[in-house]
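When you number the sequence shown by our numbering, it's gap-free, plus one each residue, and the end is 185.
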Amino acid sequence: MQVTLRAANVEDARQIAAVLVASRRAFLPFAPLRHSDDQVEHWVRSALIPTGAVTVALVADAIVGVLAVSTKDEVLWLDQLYIYPTHVGQGIGSTLLAVALATNPACVRLYTFQENHRARRFYERHGFVAIALSDGSTNEERCPDVLYELARSAVGDQTSKVSPE
(Lines of atoms letter the chains of each structure in order from A and count residues from 1; the text may use other names and numbers.)
(Lines give C-alpha, C1' and ligand atoms only; values in the text may rest on other atoms or scores of the structure.)
Protein backbone atom coordinates (compact mmCIF):
# COMPACT_ATOMS: atom_id res chain seq x y z
CA MET A 1 0.00 0.00 0.00
CA GLN A 2 1.46 3.32 -1.11
CA VAL A 3 0.74 6.22 1.30
CA THR A 4 1.28 9.77 0.10
CA LEU A 5 1.39 12.76 2.44
CA ARG A 6 0.69 16.36 1.51
CA ALA A 7 -0.64 19.60 2.91
CA ALA A 8 -4.42 19.85 2.92
CA ASN A 9 -6.26 22.37 0.75
CA VAL A 10 -9.86 23.57 0.77
CA GLU A 11 -10.80 21.11 -1.96
CA ASP A 12 -10.07 18.36 0.58
CA ALA A 13 -12.68 19.56 3.08
CA ARG A 14 -15.35 17.00 2.22
CA GLN A 15 -12.95 14.03 2.38
CA ILE A 16 -11.30 15.28 5.58
CA ALA A 17 -14.69 15.71 7.22
CA ALA A 18 -15.64 12.20 6.10
CA VAL A 19 -12.53 10.78 7.79
CA LEU A 20 -13.23 12.69 11.02
CA VAL A 21 -16.90 11.69 11.13
CA ALA A 22 -16.36 8.03 10.18
CA SER A 23 -13.57 7.61 12.71
CA ARG A 24 -15.54 9.29 15.48
CA ARG A 25 -18.58 7.13 14.78
CA ALA A 26 -16.57 3.90 14.60
CA PHE A 27 -14.28 4.39 17.58
CA LEU A 28 -15.93 6.96 19.86
CA PRO A 29 -19.56 5.87 20.29
CA PHE A 30 -19.40 7.13 23.88
CA ALA A 31 -18.73 10.67 22.60
CA PRO A 32 -21.35 11.40 19.92
CA LEU A 33 -20.67 14.25 17.54
CA ARG A 34 -22.49 17.43 18.50
CA HIS A 35 -22.54 18.66 14.89
CA SER A 36 -24.03 17.45 11.61
CA ASP A 37 -21.80 16.16 8.83
CA ASP A 38 -22.35 19.43 6.95
CA GLN A 39 -21.33 21.47 10.00
CA VAL A 40 -18.16 19.40 10.38
CA GLU A 41 -17.32 19.96 6.71
CA HIS A 42 -17.94 23.70 7.07
CA TRP A 43 -15.64 23.82 10.12
CA VAL A 44 -12.93 21.88 8.27
CA ARG A 45 -13.19 24.21 5.26
CA SER A 46 -13.45 27.53 7.12
CA ALA A 47 -11.45 26.96 10.31
CA LEU A 48 -9.21 23.89 10.23
CA ILE A 49 -7.63 23.98 6.76
CA PRO A 50 -6.93 27.75 6.73
CA THR A 51 -4.48 27.26 9.63
CA GLY A 52 -2.11 25.74 7.10
CA ALA A 53 -1.13 23.08 9.62
CA VAL A 54 -3.14 20.15 8.26
CA THR A 55 -1.50 17.14 6.62
CA VAL A 56 -3.45 14.44 4.83
CA ALA A 57 -2.50 10.85 4.08
CA LEU A 58 -3.73 9.47 0.77
CA VAL A 59 -4.04 5.94 -0.56
CA ALA A 60 -4.98 5.71 -4.23
CA ASP A 61 -5.94 9.41 -4.25
CA ALA A 62 -8.39 9.00 -1.35
CA ILE A 63 -7.77 10.78 1.94
CA VAL A 64 -7.51 8.13 4.66
CA GLY A 65 -5.78 10.08 7.43
CA VAL A 66 -5.67 13.60 8.84
CA LEU A 67 -3.21 15.37 11.13
CA ALA A 68 -3.77 18.93 12.36
CA VAL A 69 -1.33 20.66 14.68
CA SER A 70 -0.97 24.04 16.33
CA THR A 71 1.68 25.71 18.46
CA LYS A 72 1.15 27.68 21.64
CA ASP A 73 3.85 28.76 24.09
CA GLU A 74 6.45 26.47 22.49
CA VAL A 75 4.16 23.46 22.82
CA LEU A 76 3.15 21.59 19.68
CA TRP A 77 -0.46 20.48 20.04
CA LEU A 78 -1.81 17.50 18.14
CA ASP A 79 -5.29 18.88 17.56
CA GLN A 80 -6.57 16.16 15.23
CA LEU A 81 -5.17 12.76 14.32
CA TYR A 82 -7.79 10.58 12.68
CA ILE A 83 -7.56 7.58 10.38
CA TYR A 84 -10.42 6.22 8.27
CA PRO A 85 -11.64 3.07 10.07
CA THR A 86 -10.77 0.63 7.27
CA HIS A 87 -7.17 1.89 7.29
CA VAL A 88 -6.49 1.74 11.04
CA GLY A 89 -3.60 -0.53 12.00
CA GLN A 90 -1.67 -0.02 8.77
CA GLY A 91 0.92 2.45 10.08
CA ILE A 92 -0.75 5.60 8.74
CA GLY A 93 -1.22 7.13 12.19
CA SER A 94 2.44 6.52 13.00
CA THR A 95 3.46 8.06 9.69
CA LEU A 96 1.40 11.19 10.37
CA LEU A 97 2.72 11.40 13.93
CA ALA A 98 6.26 11.28 12.54
CA VAL A 99 5.45 14.37 10.44
CA ALA A 100 4.58 16.30 13.59
CA LEU A 101 7.59 15.05 15.53
CA ALA A 102 9.97 15.84 12.66
CA THR A 103 9.64 19.53 13.52
CA ASN A 104 11.58 18.69 16.72
CA PRO A 105 9.27 20.55 19.10
CA ALA A 106 10.30 21.14 22.72
CA CYS A 107 7.12 19.48 23.89
CA VAL A 108 4.12 17.81 22.26
CA ARG A 109 0.71 17.59 23.92
CA LEU A 110 -2.72 16.29 23.06
CA TYR A 111 -6.04 15.47 24.62
CA THR A 112 -7.96 12.29 24.05
CA PHE A 113 -10.91 10.77 25.83
CA GLN A 114 -10.15 8.55 28.80
CA GLU A 115 -12.37 5.87 27.30
CA ASN A 116 -10.51 5.95 23.96
CA HIS A 117 -8.31 2.99 24.85
CA ARG A 118 -7.08 2.40 21.29
CA ALA A 119 -5.75 5.96 20.99
CA ARG A 120 -4.28 5.85 24.48
CA ARG A 121 -2.32 2.68 23.66
CA PHE A 122 -1.13 4.26 20.40
CA TYR A 123 0.20 7.40 22.09
CA GLU A 124 1.73 5.52 25.02
CA ARG A 125 3.50 3.19 22.56
CA HIS A 126 5.03 6.32 21.03
CA GLY A 127 6.33 7.60 24.37
CA PHE A 128 3.53 9.93 25.43
CA VAL A 129 2.78 10.08 29.16
CA ALA A 130 -0.57 10.96 30.74
CA ILE A 131 -0.05 14.09 32.83
CA ALA A 132 -3.61 15.08 33.76
CA LEU A 133 -7.12 13.69 33.85
CA SER A 134 -10.29 15.77 33.74
CA ASP A 135 -13.98 15.14 34.17
CA GLY A 136 -14.70 16.44 30.67
CA SER A 137 -16.50 19.56 31.83
CA THR A 138 -14.35 21.72 29.54
CA ASN A 139 -14.75 19.74 26.32
CA GLU A 140 -17.65 19.90 23.90
CA GLU A 141 -18.65 16.27 24.38
CA ARG A 142 -18.54 16.43 28.20
CA CYS A 143 -16.57 13.18 28.27
CA PRO A 144 -13.69 12.63 30.71
CA ASP A 145 -10.41 13.27 28.94
CA VAL A 146 -6.69 12.81 29.48
CA LEU A 147 -3.84 15.17 28.65
CA TYR A 148 -0.76 13.48 27.18
CA GLU A 149 2.72 14.92 26.82
CA LEU A 150 5.90 13.96 25.02
CA ALA A 151 8.95 15.91 26.24
CA ARG A 152 11.86 17.07 24.03
CA SER A 153 14.19 14.19 24.94
CA ALA A 154 11.47 11.71 24.08
CA VAL A 155 10.62 13.62 20.88
CA GLY A 156 14.16 13.07 19.63
CA ASP A 157 13.93 9.40 20.51
CA GLN A 158 10.56 8.99 18.81
CA THR A 159 11.50 10.61 15.51
CA SER A 160 13.91 7.75 14.85
CA LYS A 161 11.72 4.96 16.26
CA VAL A 162 8.19 5.59 15.02
CA SER A 163 6.65 2.16 14.62
CA PRO A 164 3.55 0.97 12.79
CA GLU A 165 0.23 1.10 14.61
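The beta-carbon is built from N, C-alpha and C at its ideal position, and this holds for glycine as well.
{"query": "V86 classed as buried or exposed, judged by whether at least 16 other C-beta atoms fall within 10 angstroms", "result": "buried"}
{"query": "Short Cβ contact (8 Å threshold) for A73 with S56", "result": "no"}
{"query": "Simplified DSSP state of R141, which is helix, strand or coil", "result": "helix"}
{"query": "Expected contact under 8 Å - CB spacing of L130 and Y168 to nearest Å", "result": "5 Å"}
{"query": "For D99, the nearest candidate out of T106, L116, G109 and A51 (CA to CA)", "result": "L116"}
{"query": "Burial state of L152 (16 or more Cβ within 10 Å)", "result": "Note that residue 152 is Ala in the sequence shown here, rather than Leu. Exposed: under 16 other Cβ atoms inside 10 Å."}
{"query": "Closest by C-alpha distance to T71, when choosing among A77, R141 and A88", "result": "A88"}
{"query": "Q134 - containing beta strand (DSSP E), residue span", "result": "That residue, Q134, is in no beta strand (DSSP E); it is neither H nor E in DSSP."}
{"query": "Reduced DSSP secondary structure (H/G/I, E/B, other) of A150", "result": "strand"}
{"query": "Entirely enclosed alpha helix (DSSP H) segments - the segment 46-93, minimum 4 residues", "result": "57-63"}
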